[in-house]
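Novice: If you scroll down you'll find the structure; I have some questions about it.
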Amino acid sequence: MSKEKQQYEVLTLVTWDWLSTKSPRIIIEFREEVSLIVEAILKTWWPKLYDLFETSKKASELLDWSSIQWSNWIDIKRNISKYLEKIEKFLLQNNFPSDDVVKTIRKLGYELFNAWLKNLVLSAWLSIPTKYVEVPESLKNQIKNILLDEDELTSLLIFLTQYWFIELSENIGNNFEEESENKILDIDREWLIADLKSLWAVKTFEWRVDDDYYDFIDNRLETAKKEWTSGRSFRIREKLDLITWDVDRYYTIKRKKPENTEPSFRVCYEIEMRILKHQWVLSILDRFGLKKFREKAKDRVSFAIYDKDDHELSVKFDIDDYKIVSIEWKEILVPTVLEIETNSKSLAEYYIKKLWLESNVKLVTWSRGLFKYYSNIQVKNWKPKSKK
């Protein structure tokens, strides 16, 4: 490929509305592999930063981003910081306005991480979608609130949303700022469905659900226990419509509120996103360092009831059949479970009474706690066969 062709490809990456009509020219022999860093630099501080790079004898050195380009998810933050130190020194030596240096470095750090994410996509032999979505600040803040100190993973999910790999789903739980939930055990499925219909509950879902849970190799998402946080869950769910056989896939991030003192409901923060490019997302997660470490499956039928006086208040009823599951090398039977999710505990308690479920055992735990509960019961009640 000729140098003219390579330079043209680089320049097409940086044609935004806010650029002047004058075509940008950088007197550097561009290589194709530096196009993403050029894009990051030009998006950071176009007029001043461009002029400095155009006239600097160190331009080739400053455009060497190989330490960032080939970083993995463990060392990317450190390598970007080292690169920014070099850029900051260059700016100060060239009398770049000191007030602008801080803003430039912060913005460039953000753009460099996005450039690394784009390189991650390209290294998986995928292409960057041309469609771009502006992610609302409210959604960004929700993701940050759930993942907390996982800045790189937070940025990845925002990136995947921006470039239309994933989108916010229509799950009513996404409308809850905080979600209260519990599990009610030993349900008669047919009786409960009949009772829900008599209360004008709306059926929202009937699928086969397969869940895959992902974490880093140190399992820090689920095992992190600090005074200001609790375990987080990163799940990819496949939903199979039992009537049409259509398949949809979703990812969910979830975190239990650590300061929750409510004994009958577990309070969580949760977001569900619909996956638009499934194999692409799996490939990107793998290169990012996330691996599947456990799975579960169930048949689910869901209903929802909205408060007649305030439609923003609602209760979601998920009726789950796990049937036989394996735990600690044992197979156990899990009877039908009702999971209630709500943004109004008082409304949920009202319907628990209406459905005659007050005396049922209730758990405020995730699925592994549920399986452990039944495992303990069945081991305790197990009796050896008598000898003849």
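Letter by letter, the sequence shown follows residues 3 to 390 of our numbering. Note that beta-carbon positions come from the ideal geometry of N, C-alpha and C, so glycine has one too. All values derive from a computational prediction rather than experimental measurement.
Could you give the DSSP three-state label for S182: helix, strand or coil?
Specialist: strand
Novice: Find the nearest neighbour of E341 within the set L365, L51 and Y352, judged by alpha-carbon distance.
Specialist: L365
Novice: Would you decide whether Y134 is buried or exposed? Buried here means 16 or more other CB atoms lie within 10 Å of its CB.
Specialist: exposed
Novice: Could you check how far apart the C-beta atoms of V336 and L372 are, in whole angstroms? I think they sit under 8 Å.
Specialist: 7 Å
Novice: For K133, which of helix, strand or coil comes out of DSSP?
Specialist: DSSP places K133 outside both helix and strand once states are collapsed to three, so it counts as coil.
Novice: Are the C-beta atoms of Y352 and some chain E residue less than 8 Å apart?
Specialist: No chain E is present in this structure, which holds just one protein chain.
Novice: Note down the Cα distance separating S69 from N81, rounded to an integer number of angstroms.
Specialist: Cα to Cα, S69 sits roughly 6 Å from N81.
Novice: Can you check DSSP and say which residues form a bridge with L359?
Specialist: Per the DSSP secondary-structure output, L359 pairs with nothing in a beta bridge.
Novice: Pair every Cβ in the region 135-145 with every Cβ in the region 55-64, then say whether three or more of these pairs are closer than 8 Å.
Specialist: no
Novice: Residue range of the beta strand (DSSP E) that L128 falls in?
Specialist: It is not in any beta strand (DSSP E) - L128 carries neither H nor E in the DSSP assignment.
Novice: Rounded to a whole number of angstroms, what is the C-alpha to C-alpha distance between I78 and F290?
Specialist: 10 Å
Novice: Taking only the alpha-carbon atoms, compute the straight-line gap between I160 and K185 and give it to the nearest angstrom.
Specialist: 31 Å
Novice: Just checking, does the region 312-319 make contact with the region 340-354 on the three C-beta pairs under 8 Å criterion?
Specialist: yes
Novice: Please go through the same chain and pick out, in chain order, the residues whose beta-carbon is closer than 6 Å to the beta-carbon of S157, but skip the five residues on each side of it.
Specialist: F115
Novice: Going by alpha carbons, who is nearest to F98 out of K59, I130 and L51?
Specialist: A check of alpha carbon separations from F98 across K59, I130 and L51 identifies L51 as the nearest.
Novice: For V336, does the three-state DSSP call read helix, strand or coil?
Specialist: strand
Novice: When the Cα of N362 is compared with those of L194, S37 and L170, which residue comes out closest?
Specialist: Of L194, S37 and L170, the residue nearest in Cα terms is L194.
Novice: Pull up the distance between the alpha-carbon of S377 and that of R370, whole angstroms please.
Specialist: 10 Å
Novice: If you pair each beta-carbon of the region 300-314 with each one of the region 138-156, do three or more pairs fall below 8 Å?
Specialist: No contact exists between the region 300-314 and the region 138-156.
Novice: Among residues of its own chain, excluding the 5 on either side of V204, which ones have a beta-carbon nearer than 7 Å to its beta-carbon?
Specialist: F305 and A306
Novice: Note down, in chain order, each residue of its chain lying with its Cβ closer than 6 Å to the Cβ of S25, except the 5 sequence neighbours on either side.
Specialist: The predicted model places S25 with a pLDDT of 39, which falls under 50 and marks its position as unreliable; any figure quoted below should be read in that light. Answer for S25: no residue qualifies.
Novice: Give the secondary structure of I255 by DSSP, where H, G and I count as helix, E and B as strand, and everything else as coil.
Specialist: Here I255 sits in strand by DSSP.
Novice: Which same chain residues, not among the five before or five after D197, have their C-beta less than 6 Å away from its C-beta?
Specialist: L357
Novice: On the DSSP letters alone, give me the boundaries of the beta strand (DSSP E) that E240 sits inside.
Specialist: Unbroken beta strand (DSSP E) run through E240: R234 to D243.
Novice: At which residues does the beta strand (DSSP E) containing Y85 begin and terminate?
Specialist: Note, Y85: premise wrong, no beta strand (DSSP E); alpha helix (DSSP H) at I78 to Q95.
Novice: What does DSSP give as the partner residue(s) for A306 in the beta ladder?
Specialist: V204 and K318
Novice: Quick one: Cα of W230 to Cα of P260, how far?
Specialist: Legend: pLDDT at W230 = 47, less than 50; position of this residue unreliable, value from coordinates given subsequently. Straight-line Cα distance between these residues: approximately 7 Å.
Novice: Please report the Cβ distance between V211 and R302, rounded to the nearest whole angstrom; I am assuming they are in contact, meaning their Cβ atoms lie under 8 Å.
Specialist: 5 Å
Novice: L278 and I130 - do their beta-carbons sit closer together than 8 Å?
Specialist: no
Novice: Count the other CB atoms within 10 Å of the CB of R27; is the residue buried (16 or more) or exposed (fewer)?
Specialist: Annotation note: pLDDT 44 at R27 (below 50); position unreliable, coordinate value reported separately. Burial call: exposed.
Novice: D311 to I354, Cα distance in whole Å?
Specialist: 19 Å
Novice: Between W331, T338, Y324 and L315, which lies nearest to A350 when the distance is taken from Cα to Cα?
Specialist: L315
Novice: Let me make sure I understand the geometry here. Which of Q380, R296 and K294 has the alpha-carbon closest to that of I334?
Specialist: Q380
Novice: Could you give the DSSP three-state label for F1: helix, strand or coil?
Specialist: Outside the displayed range of the chain (3 to 390) lies residue 1, so it cannot be described from this structure.
Novice: Taking the continuous beta strand (DSSP E) assigned at I326, which residues delimit it?
Specialist: K325 to I329
Novice: Suppose the cutoff is 6 Å on Cβ atoms and the five residues either side in sequence are ignored; what does the same chain contact list for L223 look like?
Specialist: D217, R234 and F236
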